[in-house]
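The sequence shown begins at 23 in this note's numbering and counts up by one. A virtual CB, placed ideally from N, CA and C, is assigned to each residue, including glycine. Notes to accompany the following structure.
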Amino acid sequence: MSAELTPLQRLAISRSQLAHALRDPVWLLLLQRFLKEKPPS
23 MSAELTPLQR
33 LAISRSQLAH
43 ALRDPVWLLL
53 LQRFLKEKPP
63 S
């Protein structure tokens, strides 16, 4: 296996990393929104 990645492989890796990074904090964003919209008791 070659150490050099093809441009297509590099694109696939970066897209995968981007998708993971975007998916990761979704629960945190939803929690912040929920707490912000929650009426004070």
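Name the two residues that bound the continuous alpha helix (DSSP H) containing LYS58. Per DSSP, LYS58 belongs to the alpha helix (DSSP H) from 48-59.
Identify, in the order they occur along the chain, each residue of the same chain with its Cβ nearer than 7 Å to the Cβ of LEU52, setting aside the five sequence neighbours on each side. The same chain holds no residue with a CB closer than 7 Å to that of LEU52 once the five nearest residues on each side in sequence are set aside.
Give the range of the alpha helix (DSSP H) segment to which LEU27 is assigned. For LEU27, no alpha helix (DSSP H) segment is defined, and its DSSP state is neither H nor E.
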